[in-house]
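A.B. asks:
There are 2 protein chains.
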Amino acid sequence: MNEKRLAEFRAFLKKMKSYEEAIGLIYWDMRTGAPKKGLDARSEVVGVLSGELFRMSVSEEMGSFLEEFGSPETLSQLSVIDRRIVEECRREYDRSVKIPPKRYQEYVVLTSQAESVWEEAKEKADFAMFQPYIEKIVATNLEFIDLWGWEGHKYNTLLDMYEPGMTVSKLDQVFGALREKAVPLLAAIMESGNKPDTSFLRQTFDKEKQKRFSLFILEQMGYDFAAGRLDETVHPFATGLNPGDVRITTRYLPDDVNSALFGTIHEGGHALYEQNISPELIGTPLCTGTSMGIHESQSRFWENMIGRSRAFWNRYYPDLQRNYPGQFDNVSAEAFYRATNEVKPSLIRIEADELTYNLHIMVRYEIEKALMSGDVKASELPHVWNEKYREYLGIEPSHDGEGVLQDVHWSGGAFGYFPSYALGNMYAAQFSRTIRREMPDVDAKVEAGELLPVKDWLAERIYRHGKLLTPNDIVLQVTGEELNPDYLMDYLTEKYTDIYKL
Amino acid sequence: MNEKRLAEFRAFLKKMKSYEEAIGLIYWDMRTGAPKKGLDARSEVVGVLSGELFRMSVSEEMGSFLEEFGSPETLSQLSVIDRRIVEECRREYDRSVKIPPKRYQEYVVLTSQAESVWEEAKEKADFAMFQPYIEKIVATNLEFIDLWGWEGHKYNTLLDMYEPGMTVSKLDQVFGALREKAVPLLAAIMESGNKPDTSFLRQTFDKEKQKRFSLFILEQMGYDFAAGRLDETVHPFATGLNPGDVRITTRYLPDDVNSALFGTIHEGGHALYEQNISPELIGTPLCTGTSMGIHESQSRFWENMIGRSRAFWNRYYPDLQRNYPGQFDNVSAEAFYRATNEVKPSLIRIEADELTYNLHIMVRYEIEKALMSGDVKASELPHVWNEKYREYLGIEPSHDGEGVLQDVHWSGGAFGYFPSYALGNMYAAQFSRTIRREMPDVDAKVEAGELLPVKDWLAERIYRHGKLLTPNDIVLQVTGEELNPDYLMDYLTEKYTDIYKL
Chain F
1 MNEKRLAEFR AFLKKMKSYE EAIGLIYWDM RTGAPKKGLD ARSEVVGVLS GELFRMSVSE
61 EMGSFLEEFG SPETLSQLSV IDRRIVEECR REYDRSVKIP PKRYQEYVVL TSQAESVWEE
121 AKEKADFAMF QPYIEKIVAT NLEFIDLWGW EGHKYNTLLD MYEPGMTVSK LDQVFGALRE
181 KAVPLLAAIM ESGNKPDTSF LRQTFDKEKQ KRFSLFILEQ MGYDFAAGRL DETVHPFATG
241 LNPGDVRITT RYLPDDVNSA LFGTIHEGGH ALYEQNISPE LIGTPLCTGT SMGIHESQSR
301 FWENMIGRSR AFWNRYYPDL QRNYPGQFDN VSAEAFYRAT NEVKPSLIRI EADELTYNLH
361 IMVRYEIEKA LMSGDVKASE LPHVWNEKYR EYLGIEPSHD GEGVLQDVHW SGGAFGYFPS
421 YALGNMYAAQ FSRTIRREMP DVDAKVEAGE LLPVKDWLAE RIYRHGKLLT PNDIVLQVTG
481 EELNPDYLMD YLTEKYTDIY KL
Chain G
503 MNEKRLAEFR AFLKKMKSYE EAIGLIYWDM RTGAPKKGLD ARSEVVGVLS GELFRMSVSE
563 EMGSFLEEFG SPETLSQLSV IDRRIVEECR REYDRSVKIP PKRYQEYVVL TSQAESVWEE
623 AKEKADFAMF QPYIEKIVAT NLEFIDLWGW EGHKYNTLLD MYEPGMTVSK LDQVFGALRE
683 KAVPLLAAIM ESGNKPDTSF LRQTFDKEKQ KRFSLFILEQ MGYDFAAGRL DETVHPFATG
743 LNPGDVRITT RYLPDDVNSA LFGTIHEGGH ALYEQNISPE LIGTPLCTGT SMGIHESQSR
803 FWENMIGRSR AFWNRYYPDL QRNYPGQFDN VSAEAFYRAT NEVKPSLIRI EADELTYNLH
863 IMVRYEIEKA LMSGDVKASE LPHVWNEKYR EYLGIEPSHD GEGVLQDVHW SGGAFGYFPS
923 YALGNMYAAQ FSRTIRREMP DVDAKVEAGE LLPVKDWLAE RIYRHGKLLT PNDIVLQVTG
983 EELNPDYLMD YLTEKYTDIY KL
């Protein structure tokens, strides 16, 4: 084991991480308030830095590091951290070097054009505009999958990019189990005579007051403002530049008290993950969340299992009332709790409640799988989309703008990403079951405004590991079993049976 | 002339510019609101990108471009722009390659340590703490000057870094002429029985109102908010990332109506320069102000020749009154104008008025010159400083914190920088004289709120050229003569004779 070379490898990776951090900051700035007229030049800066980062990732230097440290014998001599670093780099390296640079470059241009075409197509509800692009994007993905190699199902190779180890057969099983219980639960809710009143959620809410309350809740969650900041954007997001700088954004709707609040808690959950990664992983490729699904489990856990819980509102509703003087005088904590948990099938994924959200994802999953197996052609997308919405949610879009064109993901080629959202919900419920076992008074703690023990529990078991553990390792290690969709359905069934008096 | 190689050279320079832009954005972010806990990692990012930028600037690649395009014969075949680019790169290249990398690295570490020691030393008014650092910094500068080469006076080599072409003999002449008239003018002002009342400047001013008025004046000046933004920092600054993204900051003091206002106009002047550089210079090393002195002339022109003029306040004082309802009811425009032009010798440079500011600079100039010639030793600095203040301004610091330790510049090794401030004042007055000749109704225009013709005049003659013209070229071309300190003294004499009824 050549210690000097290992130090060189670590320095090389740290340099790559510096480029990533610079690019991350530039994107944050572009989205939060960079002057419009400077954006063309700024895009070139991103191009230069990204190009350099990509060059390093597939360089001979990287290749020789991987060769040197990647043999089974050397791997076994490495520390646990270094071993995982080598594995992760190998994974990225293999993926990148298999694509001819020219084809990759063409694909980048294609998806960048497709994103602006999609924007216009969505606006005009004109799928025909977008069809040639989605056709080429699907074709290029299939071409790349052949270069990367695949097992079982072509779609597996894409799933693995966002959720390492995830497969079609696993997803078919968990989504099947989920759907089996979700559909009748939704039907029962729809037939319930005990629907919550939600009218008071739609008043006019002062932006400064919304911001103040968002900041208050973030602070309660243990979000570290010396290692982050809250800004305002049209599309909320979280970005971890390094564990000491994890920024989030939210959006304040003037007529909706919950949009900013739950958006902030959601992004705050992502941020807690990134802020609490172990310092020993800083400067390595392991210094980030282990997968999109596990990351989403943390945003969902805080947003739903904590933020939409009765215990939470028993504690924080008086604060909310005080924050909006006079606006909730005649609304009880219980009424507010029930209203924030309204279930209602809708056409738009990002507005969906905890239950129907998963059905939106299943529609997309089924379609992506069929696109990759060749069972559905791009031209058939609008028809298939509408059919699946009727089948899964019982409603149908009136035009493609609120149908097949609603999400940006496909225009950027992000096939395989959508399942992460539903996986996040399932992981979150499974973690929630575990914390209740290990910390039986968790509801009492939340009701007492003690959210920090919850954060610490998650930090100890999940956050600090970053990418050192795989998603499957995390779930196994924390909960004692693999991903199990029953916990989500048990949680939802219990919650809605109570709220809707089923 | 190898067109392909020229294109490669241009691409190489554009890449360097991208690194510069990324570093500039990171610094802006660090100063405007980056979370504290992320700063250590962020400094490493800056280190990686700056290192790469420096590596490119002294690379064999750069060397071979300069060799290829730098011969008199090839130079003569290049376009005016490309010729200046080669000259500028040669200048930077020669400067950088002559310093052994190890010595440069040690100097970077020294000045970085010196800056934090200086901060503490200033706080404690303890020059002895700082003395060993300033000694080493001076010694290293002298060592570097020998490596770079010098003519006439060692200090010339440092002056040339900030103001290409500037020399001790030129500065001795202009500062001598300036002082000859400034000292008696100051004495006359001090003896005047017609001092302005300034009490109304020190009320409590709402921050949001200060911000609103700053934004209003910036807009009047023609600052393009689609190509910039205004933020808040302890030390105001302007940064031109590219002509489409030129950001400024200001600082709102609760008890001073003028600090934010004139700070904003000052930085706005810098920003107008950078926003209006010709698009054909984008992505080249010429896309910035031509020197520190010319840059400062633009901030000073807007701050003083426009912002502290009677015409300006005849137009904008009613707006100011409306902006602070009730706070200026009993103050006339004339009284406000006179108050903003109060002259008063003080110990602190950055609080100085238009007249005494130049004397503060001359003290520093004399000291820097003497340090570089060996006539003054670092250990003698406090004594020399105090003596010069008595001589030039008639007052003496009570401790070194408000004396020799007041400025950050020397701790960073920025010898040769201070004269730019006074040069800026002189250039500004000279430009002001020219605009009055070419646009005789300029005061009437300002009084009518027509500031855009002024901006356009400056853009056409100065801003658009960026670094394509040298400072001397600019002054000659715009005013028809070389730098002439009489214009500043004429301007100040006329202004204060009127205000103080001398």
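Chains as they are written, first to last, in our numbering: chain F, 1 to 502; chain G, 503 to 1004.
Using N, Cα and C, we set each Cβ at its ideal position, and we do this for glycine too.
(1) Have a look at residue 978 of chain G and residue 507 of chain G and give me their C-alpha separation to the nearest angstrom.
(2) With a cut-off of 8 Å on the beta carbons, I'd call residue 42 of chain F and residue 233 of chain F a contact; round off their distance for me.
(3) Any beta carbon of chain B sitting closer than 8 Å to that of residue 35 of chain F?
(4) DSSP puts residue 238 of chain F in a beta bridge; with which residues?
(5) Taking the alpha-carbon of residue 950 of chain G as reference, which of G:812, G:827, G:829 and G:958 has the nearest alpha-carbon?
(6) In three-state terms, what does DSSP make of residue 805 of chain G?
(7) DSSP three-state call for residue 231 of chain F: helix, strand or coil?
(8) Determine the direct distance from the alpha carbon of residue 743 of chain G to that of residue 989 of chain G, and round the result to whole angstroms.
(9) What residue range does the alpha helix (DSSP H) around residue 257 of chain F cover?
(10) Which same chain residues, not among the five before or five after residue 429 of chain F, have their C-beta less than 6 Å away from its C-beta?
(11) For residue 924 of chain G, collect the residues of the same chain with a Cβ closer than 6 Å to its Cβ; drop the 5 residues on either side in sequence, then sort them by chain order.
(12) When the Cα atoms are used, what is the spatial distance from residue 218 of chain F to residue 227 of chain F?
(13) Given residue 536 of chain G, which residues of its chain have a CB within under 8 Å of its CB, disregarding the five upstream and five downstream residues?
(14) Is the number of C-beta pairs between the region 66-75 of chain F and the region 550-563 of chain G that are closer than 8 Å three or more?
(15) Find the residues of chain F that neighbour residue 531 of chain G, judging by a C-beta separation of less than 9 Å, and give them in chain order.
(16) Would you call the CB atoms of residue 830 of chain G and residue 822 of chain G closer than 8 Å?
(17) Write down every uninterrupted run of the alpha helix (DSSP H) in the region 189-232 of chain F whose length is 4 residues or greater and which is fully enclosed by it, in chain order.
(18) Output the boundary residues of the alpha helix (DSSP H) element that contains residue 349 of chain F.
(19) Under 9 Å Cβ-Cβ, which residues of chain G neighbour residue 359 of chain F?
(20) So, does the CB of residue 736 of chain G fall closer than 8 Å to a CB anywhere in chain F?
(21) Do the region 791-806 of chain G and the region 676-688 of chain G make contact, defined as three or more Cβ pairs closer than 8 Å?
(22) Tell whether a beta-carbon distance below 8 Å holds between residue 776 of chain G and residue 748 of chain G.
(23) Would you mind reading off the limits of the alpha helix (DSSP H) that contains residue 496 of chain F?
(24) Can you check whether the C-beta of residue 297 of chain F is within less than 8 Å of a C-beta belonging to chain G?
(25) At the 8 Å Cβ level, is residue 547 of chain G part of the contact set with chain F, yes or no?
(26) Just tell me which of F:230, F:411, F:52 and F:196 has its CA closest to the CA of residue 499 of chain F.
(27) Between the C-alpha atoms of residue 387 of chain F and residue 239 of chain F, what's the straight-line distance to the nearest angstrom?
(28) Between which two residues does the alpha helix (DSSP H) holding residue 60 of chain F run?
(29) Can you grab the Cα-Cα spacing for the pair residue 124 of chain F / residue 401 of chain F, in whole Å?
(30) Pick out whichever of G:704, G:938 and G:870 has its Cα sitting closest to the Cα of residue 838 of chain G.
(31) Give the C-beta separation of residue 236 of chain F and residue 267 of chain F to the nearest angstrom, bearing in mind that I take them to be a contact with Cβ-Cβ under 8 Å.
(32) Below 8 Å, how does it come out for the region 610-628 of chain G and the region 561-572 of chain G: are there three or more Cβ pairs, yes or no?
(33) Work out the CA separation of residue 877 of chain G and residue 641 of chain G for me, nearest whole Å.
(34) Mapping the DSSP letters down to three states, classify residue 1 of chain F as helix, strand or coil.
(35) Determine, using beta-carbon pairs with one atom in the region 453-471 of chain F and one in the region 396-411 of chain F, whether at least three such pairs fall under 8 Å.
(36) Identify each residue in the region 742-772 of chain G for which the Cβ-Cβ distance to at least one residue of chain F is less than 9 Å, and report them in chain order.
C.D. replies: From the atom records:
(1) Cα-Cα distance, rounded: 34 Å.
(2) Actually they are not in contact, since the Cβ atoms of residue 42 of chain F and residue 233 of chain F sit about 16 Å apart, beyond 8 Å.
(3) Looking for chain B here will not work: the only protein chains present are F and G.
(4) According to DSSP, which records beta bridges pairwise, residue 238 of chain F is partnered with F:248.
(5) For residue 950 of chain G, the closest C-alpha among the options G:812, G:827, G:829 and G:958 is that of G:812.
(6) In this structure, DSSP gives residue 805 of chain G a helical state, which the three-state scheme calls helix.
(7) If DSSP states are grouped into helix, strand and coil, residue 231 of chain F belongs with the strands.
(8) Taking C-alpha positions only, residue 989 of chain G is separated from residue 743 of chain G by approximately 33 Å.
(9) From DSSP, the alpha helix (DSSP H) with residue 257 of chain F extends over 257-275.
(10) The residues are 487, 488 and 491.
(11) Excluding positions up to five away in sequence, the list reads 860 and 863.
(12) Going from the Cα of residue 218 of chain F to the Cα of residue 227 of chain F covers about 13 Å.
(13) For residue 536 of chain G, where only same-chain residues beyond five positions count, the Cβ hits under 8 Å are 544.
(14) Segments in contact, no.
(15) In chain order: 25, 28 and 29.
(16) Result yes, Cβ atoms of residue 830 of chain G and residue 822 of chain G sit closer than 8 Å.
(17) Within the region 189-232 of chain F, the complete alpha helix (DSSP H) runs of at least 4 residues are 207-221.
(18) Careful: residue 349 of chain F lies outside any alpha helix (DSSP H) and carries neither H nor E.
(19) The premise fails here: residue 359 of chain F is roughly 38 Å from chain G at the closest Cβ pair, so nothing lies under 9 Å.
(20) No, no contact with chain F.
(21) In the pairwise beta carbon analysis, the region 791-806 of chain G is classified as not touching the region 676-688 of chain G: fewer than three pairs are separated by under 8 Å.
(22) Inclusion of residue 776 of chain G and residue 748 of chain G in the CB contact set at 8 Å is warranted, their separation being smaller than that value.
(23) Per DSSP, the unbroken alpha helix (DSSP H) holding residue 496 of chain F starts and ends at 486-499.
(24) Answer no: the Cβ-Cβ gap between residue 297 of chain F and chain G never drops below 8 Å.
(25) Taking Cβ atoms only, chain F reaches closer than 8 Å to residue 547 of chain G, which makes this a yes.
(26) Relative to the Cα of residue 499 of chain F, the nearest Cα in the group F:230, F:411, F:52 and F:196 belongs to F:196.
(27) Each residue's CA atom was taken as its position, placing residue 387 of chain F and residue 239 of chain F some 36 Å apart.
(28) Run containing residue 60 of chain F: 60-69, per the alpha helix (DSSP H) assignment.
(29) Each residue's Cα considered, the two are about 7 Å apart.
(30) Among G:704, G:938 and G:870, the Cα nearest to that of residue 838 of chain G belongs to G:704.
(31) Indeed they touch by this definition, with Cβ atoms about 5 Å apart.
(32) Taking 8 Å as the limit for Cβ pairs, the verdict is that the region 561-572 of chain G does not touch the region 610-628 of chain G.
(33) Separation of residue 641 of chain G and residue 877 of chain G (C-alpha to C-alpha, rounded to the nearest whole angstrom) is 13 Å.
(34) DSSP places residue 1 of chain F in the coil class of the three-state scheme, outside both helix and strand.
(35) They do not touch, by the three-pair rule.
(36) Answer in chain order: 743, 744, 745, 746, 747, 748 and 749.
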